[in-house]
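Quick note on numbering: the sequence shown equals residues -22 to -1, 1 to 314 in mature numbering (1 follows the signal peptide of the UniProt record, and there is no 0). Glycine included, each C-beta is placed from N, C-alpha and C at the ideal position. As the structure is a prediction and not an experimental result, all values here were calculated from the model. Note sheet for the following structure.
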Amino acid sequence: MAAEHFTLFCQLISWATILVLTADVQQVFNHQSGSIWCTIIGSGINDTQISRNHAKNHKDCHLSCGADPACESTNYIPSKRLCEMNAASHSDCPRSFVQRNDAIYTPKFKTDCRHCVPAYSNFGESSHLEAHYAFEGNLLDSTSAGRNGLASGEVFYPRGVCGRAASFNGHSKIDVDAFRQFALGSRFSVSAWFKRTNPDGYQGIVNAGYSEDGSWEVRMTDSAGGTGIGGTVITSHYEKVWPYNVVKVSLNDWHHVIMTYNGSQLLFYVDNELQTGTSDCCTGEILSKDIPVTIGQAGRGHAMEYFFGFIDEVKIFTTTLCPEEVDKMFRFPCTC
């Protein structure tokens, strides 16, 4: 009987603690420990407000680089994600989601971003998302369009940014014939994660043709030991290539690139940073050509310039992406 009374007493104390926490949610917002958050989720308390600063239903709330991988499929913060993917030592990784510092943005486009995709920035699939290649052991397009890829040479699927990635050995590539003669119009964006492992020569990441023979491309150069990356779109008013060609990234590390075009301005982001280039290079609609989208090689019009390394989460849009959307795709690559 004494044991039963003691058990009942412990249960009452536990529920009283939860009621106190429920009455003061703001305290949880500012709490630096994951233990209270885990207690609340485990007790079934509504987490609508709390999830502003924490990953909803996250198993391991006190994150470190050695956290349970099953807990890391929901959200990431930039410094933690880059630390996990790139750093040899994880001592500088953030310890919890409350250490996140959200940036304040000023739109960089001269327009008011009315052509952006608000649904996409809210973690939904936009009708403007024309293809998404997650490379989860296959070359399938995960959108309803079903524009699947076809590999030439050996493509493997090791661990990537989100789940698996596509691995290229300098002799392999992926073509998507469904993009032949595809009308992109004057609103276009492409996003990809990549890790280059060989410094030699030019290497194509993703494109619809090579240089002025194509429609658009994102390609790495041989400058500075193979760390240069650039991109372009080809329109009826602009056939000069590479308005962005001086961007430098490190080898053997994961990086994120987005190129986005609004009909009069081309912007180029690397790791969530807007790059300096000839942003007003291009006007009008992107030329449509009988050329597939190619991933892992410089594209039709050139026989070489294959990629060495890994590519993941390739997404192609027929719309412009705002800075806020670029940020979300960088910070939450597995959900946005």
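Inter-residue spacing [alpha-carbon to alpha-carbon] between residue i and residue j
i	j	result
S167	N176	27 Å
L299	T256	18 Å
E190	E114	32 Å
F160	K293	15 Å
P301	G163	21 Å
R309	G262	31 Å
R158	E251	31 Å
G287	Y135	11 Å
L41	C140	In this predicted model, L41 has a pLDDT of only 27, less than 50, meaning its place in the structure is not dependable; the value taken from the coordinates is given anyway. One C-alpha to the other measures close to 17 Å.
S150	N240	32 Å
residue 316	C314	Nothing can be reported for residue 316: it is not among the residues displayed for the chain, which extend from -22 to 314.
N147	E303	32 Å
Y180	G124	30 Å
H233	Y216	28 Å
W220	N116	31 Å
N126	S201	33 Å
S266	S120	23 Å
Y111	S122	12 Å
D258	A109	26 Å
L118	F285	20 Å
D178	P311	28 Å
F295	D305	16 Å
S145	G192	24 Å
R165	I236	14 Å
Residue i (DSSP reduced to helix, strand or coil)
i	result
R309	helix
T84	With a pLDDT of 35 at T84, under the threshold of 50, the modelled position of that residue is not reliable, and the figure given next carries that caveat. Three-state result, T84: coil.
E132	coil
A170	strand
D157	The sequence shown places Phe at residue 157, not Asp. Helix, per DSSP.
D200	coil
D191	helix
V304	helix
S145	strand
R125	coil
D290	strand
residue 315	The question about residue 315 has no answer here: the residues shown for the chain are numbered -22 through 314.
L107	strand
R137	strand
Y222	strand
V271	strand
D258	coil
G115	coil
T296	coil
G241	coil
G279	coil
G163	coil
C314	coil
D25	Its pLDDT being 28, under 50, D25 is placed unreliably in this model, and the coordinates cannot settle the point.
Inter-residue CB distance, residue i and residue j (contact presumed, cutoff 8 Å)
i	j	result
W171	I264	Contact flag wrong, Cβ pair sits at about 23 Å.
R197	N185	7 Å
Y222	G208	5 Å
Q275	G138	19 Å between Cβ atoms; not a contact.
N106	T238	Note that residue 106 is His in the sequence shown here, rather than Asn. Incorrect: roughly 11 Å between the Cβ atoms, too far for contact.
A143	D290	4 Å
Q253	V225	5 Å
G187	G277	5 Å
C260	T199	Incorrect: roughly 20 Å between the Cβ atoms, too far for contact.
According to DSSP, residues forming a beta bridge with residue i
i	result
E251	V248
H234	W171
G182	R197
Residue i Cβ short of 8 Å to the ligand GDP heavy atom set
i	result
D200	This structure simply doesn't include the ligand GDP, nor any ligand for that matter.
_Pairs of beta-carbons, one from the stretch 143 to 156 and one from the stretch 265 to 274, closer than 8 Å: are there three or more?_
Contact holds: three or more Cβ-Cβ distances are below 8 Å.
*Count the CB pairs spanning the stretch 278 to 291 and the stretch 241 to 257 that are closer than 8 Å, and state whether there are at least three.*
Counting Cβ pairs under 8 Å, fewer than three are found: no touch.
*How do the stretch 226 to 237 and the stretch 117 to 137 stand: do at least 3 beta-carbon pairs fall below 8 Å, yes or no?*
no
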